[in-house]
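Undergrad: Quick one: this structure, given as structure tokens, is what I'll be asking you about.
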Amino acid sequence: MNSETADCARFPPQPEEWAPGAGRYNASLPLRTLMSSDPKTHLAELLQAALASVAPGERADIQLERPRDPTHGDFASNLALQLARALKESPRKIAERLVRELPTSPMVDKAEVAGAGFINFRLAVAAKTDVVKAVLARRDDYGRGAPTGRKVQVEFVSANPTGPLHVGHGRGAAYGASLACLLAFAGNEVCREYYVNDAGRQMDILALSTWLRYLESFGETVPFPPNAYQGDYVREMAAQIRQAHGSLYVHPAVAILASVPPAPARREDGEYPPEEKEQLERHLDGLIEAAKDLLGEEWMYVHQHALTEQLADCREDLEAFGVHFDCWFSERSLYDTGMVAKVVAELEKRGHIYGQDGAKWFRSAAFGDEKDRVVQRDNGSYTYFASDIAYHANKFERGFDRVIDIWGADHHGYVARVTGALKALDLDADRLDVALVQFVSLFRDGAKVSMSTRAGSYVTLRELRDEVGGDACRFFYLLRKQDQALDFDLTLAKSESNDNPVYYVQYAHARICSVLDQWGGKEDELPEANLKPLASERELGLCGRLQSFPEVVAQAAGDFAPHALAFYLRDLAGEFHSWYNAERLLVDDDRQRRARLALAVAVRQVLRNGLRILGVSAPEAM
RNA sequence: GCCCUCGUAGCUCAGUGGAUAGAGCGACCGCCUCCUAAGCGGUAGGUCGCAGGUUCGAUUCCUGCCUUGGGCGCCA
2 MNSETADCAR FPPQPEEWAP GAGRYNASLP LRTLMSSDPK THLAELLQAA LASVAPGERA
62 DIQLERPRDP THGDFASNLA LQLARALKES PRKIAERLVR ELPTSPMVDK AEVAGAGFIN
122 FRLAVAAKTD VVKAVLARRD DYGRGAPTGR KVQVEFVSAN PTGPLHVGHG RGAAYGASLA
182 CLLAFAGNEV CREYYVNDAG RQMDILALST WLRYLESFGE TVPFPPNAYQ GDYVREMAAQ
242 IRQAHGSLYV HPAVAILASV PPAPARREDG EYPPEEKEQL ERHLDGLIEA AKDLLGEEWM
302 YVHQHALTEQ LADCREDLEA FGVHFDCWFS ERSLYDTGMV AKVVAELEKR GHIYGQDGAK
362 WFRSAAFGDE KDRVVQRDNG SYTYFASDIA YHANKFERGF DRVIDIWGAD HHGYVARVTG
422 ALKALDLDAD RLDVALVQFV SLFRDGAKVS MSTRAGSYVT LRELRDEVGG DACRFFYLLR
482 KQDQALDFDL TLAKSESNDN PVYYVQYAHA RICSVLDQWG GKEDELPEAN LKPLASEREL
542 GLCGRLQSFP EVVAQAAGDF APHALAFYLR DLAGEFHSWY NAERLLVDDD RQRRARLALA
602 VAVRQVLRNG LRILGVSAPE AM
């Protein structure tokens, strides 16, 4: 025991010693809470006690961090620096007094004042190695947060079911799935939802595209609009319909075009001036109207077929990517149940709607948006915004404590209007979080892969998975904060080499499995191993890393930041590899061998728990 | 033009109101008769965009400027 703490012999402290009546510290706190087995919590309690003694009545947010520099101990607190102003005393002096008043603890080897007034703690060896037992006891649950009782909804991907998912959707999928899993692991009840935009114009365009391809196959060729869906999957759906129903839906091309505004002359480069673009849109809408008129009830068959087909494809794609949803929520159902009309009426009742130019406008500017927005057009149809309000109102009705929307960054202009609408409806907009996912650029051999949705030349998620594999996809997507643009290096993700960070982490897991195989002993005896032999700097460092896993989980969940977990796993794997190279695990000495294997198994467990949250597999051999 | 976002090592990126700002890749020098070299050790590499301000302390917070990307439809 260090001389600075030698005079601090009152342990356990008597409550009245560190909890004066005027103090805010809870004197009735049971003593055993001072004996938290988690070192960080324990240190915070010790500091709280010292604070109550040094500065009765003073309240402070006890912060403990793990210093990067090992000479700064295992934990450091800036408590004295925080108090300097209030106490009008130098931080170092306060720190010295705090250290003097610190209750002694078997978990603390040394507490010393350093630098500007930091208090550096060095833990007793046993306090570090005990984490191995905790990990081996809780196994798959190590790091799991206590149930919060909170219901959280994460809505993500929600791509229009009008074609294959592309690499941008893949990022949203990887982020959303990992975030949902992370939030669940942190103790929340999580519902994963996909909002299906099955009511809008885009779906009509897809149905029209399919029908036009179908007609083509019968020789009834209507020039295919450049702003319709170009992909081959449209032809496939057309062929399916033809196979199932023959010529049932055929109408003469001339009859279709009769009432439709003409399209502008075709431009091979696909670049149309603004007025021609508008003309194209009018032409497309005309075709949709004509299709609806001619097909009548049968239009809905084509529409439904396209929707079902694309949704199934999308779902299959996501499942193969390890992304699952608890709920697929239909936009159309919001219209069918009258929810959209109801919510607009409700806004109207509250005086937040006014009419102008024949349309209904919501006063979103009064609720933090840049300007007011139309919710119902002059032709009586509702805007996408209207159904979005209804959808969010519905989410809140379902009783989630927290609603998280994961949107493409190009939707960021919608955040203000949606939160505005919630406020206007007297709903607690603070319960809504919108996480914006930035764009993805693919790089192959250092060169950017050009993608254009317009030209239909985008790389699909499926192609990406086929090329680099699901694990590398998930990991690479998560290696970058979601609100930052991502450069996805295909060459690196594909390389089965030491350059590839996903293999780096997985390899650590496989290595441990391999060592255990060679050991051939009984793994279930390891939790009882005596951990005394764990004493090297690397071993104790690894213990500290394992100890911080629950903190990393909690922090990452709070920040909606699964990438923090990916970085943690890379660090953990790195520390393991260093240890593995420096020291043999399968040493002759049985006691030491068991201690090391116990630590290795604990590392493997944490790698597994972390990888599972990220949706990456933990292979036993590579 | 207005709003938001970004700027950290050659490259790709973490990070934080506090101690000497980190990792991976690339470069250079080493390590397999030994538990998987998909690994490890070491060296080099920085005015944390620029200028002010708040603070005991700013790469972190605030303001301005420059820069990156995005948003500003009765589109979805």
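Counting from 2, one number per residue, gives the positions in the first sequence under our numbering. C-beta: ideal position from N, C-alpha, C; glycine also. Just so we're clear, the structure is a prediction, and the values are computed from it rather than from any experiment.
How long is the line joining the alpha carbons of F638 and K533, rounded to whole angstroms?
TA: In the structure as shown, the chain starts at 2 and stops at 623, and residue 638 therefore has no counterpart that could be examined.
Undergrad: How is R123 classed by DSSP in three states: helix, strand or coil?
TA: Three-state result, R123: strand.
Undergrad: Could you pull the DSSP bridge partners for W329 from this structure?
TA: According to DSSP, W329 bridges with Y195.
Undergrad: Kindly indicate which residue of R243, H73, A112 and D70 has the alpha-carbon position closest to the one of A45.
TA: When only C-alpha atoms are compared, the closest one is A112.
Undergrad: From A565 to N79, what does the alpha carbon distance come to, in whole angstroms?
TA: Near 24 Å, if we compare the C-alpha coordinates of N79 and A565.
Undergrad: Counting only runs that start and end within the stretch 548-606, where is the alpha helix (DSSP H) found for 4 or more residues in a row?
TA: DSSP runs (the alpha helix (DSSP H)) wholly in the stretch 548-606: 563-583.
Undergrad: What residue does the beta strand (DSSP E) around A77 start on, and which one ends it?
TA: Its beta strand (DSSP E) spans residues F76 to S78.
Undergrad: Would you please state the rounded distance, in angstroms, between the beta carbons of L281 and N228? I believe it to be under 8 Å.
TA: Right, their Cβ atoms sit about 5 Å apart.
Undergrad: From the DSSP output, in three-state form, read off L532 for me.
TA: In the structure shown, L532 sits in coil (DSSP, three-state: anything other than H, G, I, E or B).
Undergrad: Would you give the residue range spanned by the alpha helix (DSSP H) that F363 belongs to?
TA: No alpha helix (DSSP H) contains F363, which is instead part of the beta strand (DSSP E) from A360 to F363.
Undergrad: With DSSP as the reference, label D353 as helix, strand or coil.
TA: The amino acid at residue 353 is misidentified as Asp; the sequence shows His. In this structure, H353 counts as coil in the three-state DSSP scheme.
Undergrad: How big is the Cα-Cα spacing for H412 and A557?
TA: Each residue's Cα considered, the two are about 24 Å apart.
Undergrad: For the stretch 443-514, which segments carrying the alpha helix (DSSP H) assignment without a break, of at least 4 residues, lie completely within its bounds, in sequence order?
TA: Segments of the alpha helix (DSSP H) lying fully in the stretch 443-514: 462-469, 471-479 and 491-495.
Undergrad: Is I95 near L84, with beta carbons less than 7 Å apart?
TA: Contact: yes.
Undergrad: Taking the alpha-carbon positions, what's the P57 to K129 distance?
TA: Near 32 Å, if we compare the C-alpha coordinates of K129 and P57.
Undergrad: On the criterion of 16 or more Cβ atoms from any shown chain inside 10 Å, does N380 qualify as buried, or is it exposed?
TA: The residue is exposed, with fewer than 16 neighbouring Cβ atoms inside 10 Å.
Undergrad: Decide if M204 is buried, meaning its Cβ has at least 16 other Cβ atoms within 10 Å, or exposed.
TA: So M204 ends up on the buried side.
Undergrad: Given a cut-off of 7 Å on the beta-carbon distance, is the pair V554 and A174 in contact?
TA: Not in contact: V554 and A174 (Cβ atoms no closer than 7 Å).
Undergrad: Look at the alpha carbon of L437 and the alpha carbon of P253, and state the distance between them as a whole number of angstroms.
TA: Cα to Cα, the separation comes out at about 46 Å.
Undergrad: Please determine, among S218, I120, Q231 and Y215, the residue with the shortest C-alpha to C-alpha distance to G164.
TA: Of the candidates S218, I120, Q231 and Y215, the one whose C-alpha sits nearest the C-alpha of G164 is Q231.
Undergrad: Given 8 Å as the limit, is there contact between the stretch 132-148 and the stretch 386-400, that is, 3 or more CB pairs closer than that?
TA: No: the two stretches stay apart, fewer than three of their Cβ pairs being nearer than 8 Å.
Undergrad: Quick one: is Y355 buried, meaning 16 or more other Cβ sit within 10 Å of its Cβ, or exposed?
TA: By the neighbour-count rule (16 or more Cβ atoms within 10 Å), Y355 is not buried but exposed.
Undergrad: Give me the Cα-Cα distance between Y215 and G559, rounded to the nearest whole angstrom.
TA: Going from the Cα of Y215 to the Cα of G559 covers about 50 Å.
Undergrad: For F489 and T420, I'd like the C-alpha separation in whole angstroms.
TA: Computed Cα separation, rounded: 32 Å.
Undergrad: Helix or strand or just coil, what does DSSP make of D205?
TA: Correct three-state label for D205: helix.
Undergrad: For E526, count neighbouring C-beta atoms within 10 Å of its own C-beta (all shown protein chains included) and say buried if the count is 16 or more, exposed if not.
TA: It counts as exposed.
Undergrad: Within 10 Å of its beta-carbon, does L249 have 16 or more other beta-carbons around it, so buried, or fewer, so exposed?
TA: Burial call: exposed.
Undergrad: When DSSP labels each residue in this structure, what does G247 get in the three-state scheme?
TA: Coil.
Undergrad: Under the three-state reduction of DSSP, which class applies to Q64: helix, strand or coil?
TA: Q64: coil per DSSP, three-state reduction.
Undergrad: Pull the bridge partners of W408 from the DSSP assignment, please.
TA: Bridge partners of W408: L437.
Undergrad: Mind the definition here: the stretch 508-517 touches the stretch 572-590 only if three or more C-beta pairs lie below 8 Å; say whether that holds.
TA: Output reads yes: the stretch 572-590 touches the stretch 508-517.
Undergrad: Counting along the chain, where does the beta strand (DSSP E) carrying D110 start and finish?
TA: Here the beta strand (DSSP E) through D110 covers V109 to A115.
Undergrad: Can you tell me where the beta strand (DSSP E) with E156 in it begins and where it stops?
TA: It spans K152 to E156 - the beta strand (DSSP E) in which E156 sits, taken as one unbroken run.
Undergrad: Whose C-alpha, out of G171, D591 and C544, is nearest the C-alpha of L137?
TA: Checked all of G171, D591 and C544; the closest Cα to L137 is C544.
Undergrad: Could you work out which residue in R333, A448 and R101 is closest to R202 when comparing CA atoms only?
TA: Nearest of R333, A448 and R101 to R202, Cα basis: R333.
Undergrad: Are the beta-carbon atoms belonging to L166 and C315 less than 7 Å from one another?
TA: Contact: yes.
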